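When we follow the working numbering, the leftmost residue of the sequence shown carries the number 576, and every step to the right adds one.
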Amino acid sequence: MRQQNKKICKRRLTAILTAAAMTAAMPFSAFAAVNHPDDNTYQPPEPPAPNYNQDLSPEFAYTEEKWASLRDNVMEYGELADLIHEYNPTVRSNRSTYADQRNKDLNDVYDAYMDDIQDIWDQVDSVDDDVSAASLRYSANLLTQQADNNYQDADMEKIQYDQTEASLVYQAQQLMVTYEQSQYNLETLQSTRDLLEAQYQVAQAQQAVGMATQIDVLNAQKSVQDQDSAILSAQKSAENVHRGLCLMLGWDVDAQPEIMPVPEPDLSRIDSMNPEADSQTAAANNYDVKYYEKKAGNLSSQDLVEANQVDIQNAKDTALRSLRTQYDTVLTARDALNAAQIQLETAAVDLNEAAVKKSVGQGTELEYKTAENAYISAKNSVNSQKLQLLLAMEGYDWNVKGLTTSN
């Protein structure tokens with residue numbers, strides 16, 4: 576009987592060691608989404624496809640007026656966060672998954688591994704030689720580290736989902752800024768095209784009186800054609816950004832919502848920005864820091880406890896570095912805006928002088944169009960710099976709220 580029990584223990588020990596070896600070669604994430612798989616062919620189900628016609632939040636989440644605004648066919652910068660929260664496919668999938676799993680034991684597999692680990696330790700005293708005992712201790716420690724390192728409870732999962740949502744809102748802000756900037760770029764490109772067309776007509780007129788060659792005319796014509804290609808390319812890029820915005824915010828890919836202008840940056844806010852004063856808040860709010868701090872309470876392996884402390888400190892250092900970098904970006908963007916505004920003032924004076932000269936017959940149409948093109952380019956440069964400053968300021972605020980925007 577004892578011999579039979581010894582054989583059973585030996586078979587169980589072999590199975591446990593085999594499991595430990597397999598675990599060392601296979602990432603724990605392969606098991607994390609599985610509660611109790613029947614065999615190795617098990618695949619977790621795909622997340623449900625989002626239904627854009629159904630709001631995820633209950634009706635009382637917003638006022639009647641707010642719901643009406645979110646459900647209309649108008650895309651507004653101030654509503655990006657709520658639109659992402661309600662209609663973004665990734666956020667909807669994450670919220671649905673979290674709602675299904677938060678009341679379940681997300682770590683059944685972890686618990687099973689811990690049972691196996693305990694079985695290994697129970698066998699250490701029963702083996703006959705030191706080599707086997709050492710092998711058992713190694714396997715137990717290995718499994719403990721892997722189980723600890725991949726343990727994730729509902730709170731840790733929620734932190735990651737919140738981080739993803741915040742990142743998507745920031746991406747939507749970037750896309751909306753990019754889309755508006757593309758409209759300014761198209762206006763500048765079209766103005767340059769009008770100037771090149773005027774130069775082409777002048778070249779034709781000069782050729783007719785022997786003041787220009789055929790090559791001069793062909794070069795001027797090619798410049799117009801190249802500009803047409805540049806306009807077409809810019810239009811396609813703007814359309815791609817438009818489609819990306821629609822998909823991120825719950826519209827169909829070919830929808831045509833009215834996209835409202837992005838608000839101008841509030842320059843007075845820059846004076847209140849202080850990365851030294853905001854550093855403690857940024858570190859405390861940082862998603863990575865909160866994730867590792869929550870993870871710390873779930874670890875039992877001393878090696879991983881120490882490694883996790885390093886992760887916490889690295890996350891804090893990265894958060895503070897990102898905050899300072901973003902603050903420098905704000906100051907650089909403000910300087911660029913000031914320089915662009917000076918150029919615009921100069922271009923406005925030049926355009927006014929060209930208009931006066933043209934009105935009294937002292938200036939040509941080409942001279943006027945040249946000044947007009949310079950003015951339109953300078954005006955749109957100011958508009959673009961305002962957008963970049965707004966985005967830099969948003970990035971700073973996101974860092975304070977916990978999202979690392981630059982490394």
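Glycine included, every Cβ here is placed at the ideal spot set by N, Cα and C. These numbers were taken from a predicted model, which means no experiment stands behind them.
Shown here, M848 sits in coil according to DSSP, grouped into three states, outside any helix or strand.
Here E868 is not bridged, per DSSP, to any residue. P836 is classed as exposed because its beta carbon has fewer than 16 other beta carbons within 10 Å across all chains shown. Contact annotation: E661 and G825 have beta-carbon atoms nearer than 8 angstroms.
A straight line joining the alpha-carbon of E868 with that of I887 spans about 7 angstroms. By the criterion of a C-beta distance shorter than 6 angstroms, A787 is surrounded in its chain by A778, Q781, once the five residues flanking it on both sides are discounted. In the DSSP assignment, the residues bridged to I834 are M650. Counting C-beta pairs with one atom in each stretch, the region 925–943 and the region 890–898 have fewer than three that are closer than 8 angstroms, which means they do not touch. Cα atoms of M731 and G872: separation of roughly 11 angstroms, rounded to the nearest angstrom. In this structure, the beta-carbon distance from R768 to I806 falls below 8 angstroms. Between Y775 and W642, the alpha-carbon positions lie close to 54 angstroms from each other. Under the DSSP assignment, V799 falls in the alpha helix (DSSP H) whose first and last residues are 789–824. A distance below 6 angstroms between beta-carbons, with the five flanking residues on each side excluded, links T665 to no residue of its chain. In this structure, the CA atom of N955 is about 16 angstroms from the CA atom of D925. DSSP places E762 within a helical segment (H, G or I) once states are collapsed to three. Contact between A830 and V744 fails: their C-beta atoms lie close to 20 angstroms from each other, not under 8 angstroms.
DSSP, reduced to helix, strand and coil, places Q937 outside both helices and strands of the structure shown, so it counts as coil. Q756 has its alpha-carbon roughly 17 angstroms from the corresponding atom of Q916.
Under the DSSP assignment, E839 falls outside any alpha helix (DSSP H); it carries neither an H nor an E label.
Measuring C-alpha to C-alpha distances from L978 to each of E947, Q901, V792, E942 identifies Q901 as the nearest. Cβ atoms of K891 and A858 come within 8 angstroms of each other, at about 5 angstroms.
Judged by their CB atoms, P840 and K976 are not nearer to each other than the 8 angstroms cut-off. Taking a C-beta distance under 8 angstroms as the contact criterion, Y862 and I951 do not qualify as a contact pair.
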